[in-house]
Amino acid sequence: MTARIIDGKAIAADLRGKVKDAVHRLLRDRGLVPGLAVVLVGRNPASEVYVRNKSKAVNESGMRPFDQRLPETVDEAELLALIAQFNADPAVNGILVQLPLPPRIDQQKIIAAIDPAKDVDGFHPLNAGRLASGLPGLAPCTPLACILLAKTVHASLASMEAVVIGRSNIVGKPVAQLLLAENATVTVAHSKTRDLPAVCRRADLLIAAIGRPEMIRGDWIKPGATVIDVGINRVAGEGGKPRIVGDVAYAEAAKVAGALTPVPGGVGPMTIACLLLNTLRVACAQMGLPAPNI
Ligand code: NAP
2 MTARIIDGKA IAADLRGKVK DAVHRLLRDR GLVPGLAVVL VGRNPASEVY VRNKSKAVNE
62 SGMRPFDQRL PETVDEAELL ALIAQFNADP AVNGILVQLP LPPRIDQQKI IAAIDPAKDV
122 DGFHPLNAGR LASGLPGLAP CTPLACILLA KTVHASLASM EAVVIGRSNI VGKPVAQLLL
182 AENATVTVAH SKTRDLPAVC RRADLLIAAI GRPEMIRGDW IKPGATVIDV GINRVAGEGG
242 KPRIVGDVAY AEAAKVAGAL TPVPGGVGPM TIACLLLNTL RVACAQMGLP APNI
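In the working numbering, the protein residues as written are 2 to 295.
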């Protein structure tokens with residue numbers, strides 16, 4: 002079998018186009034422009050790339066960016082003050098603080114300081130709780146991206162045997178909640194899981210969010226399964242040149258899986274498209290408008 006490659010770039014471009022159209026209609030019909038504040042602390046090279054890509058996407062969508070770059074030395078009180086300022090600013094509809102933060106800063110405290118109504122990353126405990134309780138709320142962008150990509154292969158995820166590897170608050174746990182909401186049967190595996198290859202082989206839908214380069218081998222995958230690879234790992238390529246690989250051994254998996262996301266070009270671009278979608282959603286809610294029909 003040769004897997005169908007799930008083209009995250011093209012699917013994301015389609016979603017971004019729909020968001021852009023909706024933003025254009027908001028401006029044309031109501032004179033409103035959604036605003037997104039992206040806060041980057043320090044000079045983590047990976048975070049700088051992510052923030053650059055997010056800012057570019059915000060600009061292209063017609064939304065208003067409120068980017069803030071703060072030095073590594075910024076203290077917690079200053080960051081909290083900036084968040085309070087964005088919380089109070091009606092022109093800022095969404096707030097995203099790029100993680101990880103320097104270890105001196107209490108990440109949970111910063112996340113909890115964001116107005117839950119503006120929490121486009123969906124990491125605020127209130128939004129995480131709403132997701133876990135099956136209440137409407139903001140789903141984190143990467144987990145939402147995984148679900149939307151899986152749904153380009155399967156119209157419904159109901160009754161599928163889904164295995165999520167990873168239980169972080171950012172990816173593993175929320176993606177498991179979203180899968181439950183889709184009526185999949187969900188197993189969440191982690192570093193203490195016994196016989197991980199056997200657990201993976203049960204999966205009709207396998208979502209890898211581990212952060213270990215190419216750990217999932219071809220013979221861990223059930224023939225015909227759909228595989229969503231969230232991992233972004235920098236490894237030394239030919240001649241020592243760095244390259245990005247996922248958590249799944251791509252060439253092996255492509256021979257066994259039914260469908261597979263590439264890295265790069267899979268979950269990454271779709272995550273950014275979902276950030277725009279979340280920003281549009283919160284903006285409509287704050288403006289008292291119905292949710293966008295996307
Ligand atoms: P994380 O917080 O480090 O969590 C990793 C998870 O993987 C943990 O639950 C850990 O288990 C589990 N794990 C680690 N080693 C394992 C092993 N040998 N066997 C089984 N499970 C193992 O990472 P994260 O933030 O969720 O991110 C995961 C990956 O996704 C990273 O590569 C990250 O760069 C990438 N990512 C991509 C996007 C995107 O937009 N594409 C967004 C976010 C993250 P324990 O809990 O037991 O330690």
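By construction, the Cβ of each residue, glycine as well, lies at the ideal position given by its N, Cα and C atoms.
*Would you report the Cα separation of glutamate 49 and lysine 10, rounded to the nearest angstrom?*
20 Å
_Whole-angstrom distance between tryptophan 221 and valine 283, CA atom to CA atom_ = 39 Å
_Extent of the continuous beta strand (DSSP E) run through glycine 36_ = 36-42
*Just the C-alpha distance for glycine 138 and glycine 267, rounded to the nearest angstrom, thanks.*
25 Å
*Under 9 Å between the Cβ atoms of alanine 1 and isoleucine 96?*
Because residue 1 is not part of the residues shown, which for the chain are 2 to 295, the question remains open.
*asked:* Suppose contacts are defined by Cβ-Cβ distances below 9 Å. Is leucine 207 in contact with valine 189 by that definition?
replied: no
*Check each candidate in Gly232, Asp205, Cys275 and Gln99 and name the one with the smallest Cα separation from leucine 158.*
Asp205
*Say yes only if the C-beta of valine 50 is nearer than 8 Å to one or more non-hydrogen atoms of the ligand NAP, and no if none qualify.*
no
*the region 92-107 contacting the region 64-77, beta-carbon criterion three pairs below 8 Å*: yes
*Take alanine 85 and list the residues in its own chain whose beta-carbon comes closer than 8 Å to its own, dropping the five residues that flank it on each side.*
Ala114
*Could you spell out the range, first to last residue, of the alpha helix (DSSP H) harbouring alanine 162?*
In the sequence under discussion, the amino acid at residue 162 is glutamate, which differs from the alanine named in the question. First-last for glutamate 162: 162-166, but that is the beta strand (DSSP E), not the alpha helix (DSSP H).
*asked:* Tell me which residues share the same chain as glutamine 178 and place their Cβ nearer than 6 Å to its Cβ, disregarding the 5 neighbours each side in the sequence.
replied: Leu132 and Ala133
*Mapping DSSP to helix, strand and coil, what is alanine 4?*
coil
*Return the residue from the list Ala118, Leu150, Ile6 and Val75 that minimises the CA-CA distance to leucine 16.*
Leu150
*Among Gly212, Leu181 and Ala163, which one has its Cα closest to the Cα of valine 200?*
Ala163
*If you count every other CB in all the chains shown that lies within 10 Å of the CB of glycine 232, and 16 or more means buried, which is it?*
buried
*Anyone know if the C-beta pair for proline 214 and proline 175 falls short of 9 Å?*
no
*Could you name the residues, in chain order, whose CB is less than 5 Å away from a heavy atom belonging to the ligand NAP?*
Thr143, Gly167, Arg168, Ser169, Ile171, Val172, His191, Ser192, Ala210, Ile211, Gly212, Val231, Gly232, Ile233, Val268, Gly269 and Thr272
*Any idea what DSSP makes of proline 291, helix, strand or coil?*
coil
*Start and end of the alpha helix (DSSP H) containing glutamine 108?*
108-114
*Are the CB atoms of leucine 1 and isoleucine 6 nearer to each other than 9 Å?*
With the chain covering 2 to 295 only, the question about residue 1 has no answer from this structure.
*Which residues mark the beginning and the end of the alpha helix (DSSP H) in which arginine 131 is found?*
126-133
*Closest by CA to glutamate 73, which one among Arg53, Pro265, Gly43 and Val98?*
Gly43
_Endpoints, the alpha helix (DSSP H) within which proline 137 is located_ = Here proline 137 belongs to no alpha helix (DSSP H), and DSSP marks it neither H nor E.
_Check whether cysteine 142 and aspartate 120 have beta carbons under 9 Å apart_ = no
*Could you have a look at proline 198 and say whether DSSP puts it in helix, strand or coil?*
helix
*Roughly how many whole angstroms lie between the Cα atoms of methionine 271 and proline 224?*
25 Å
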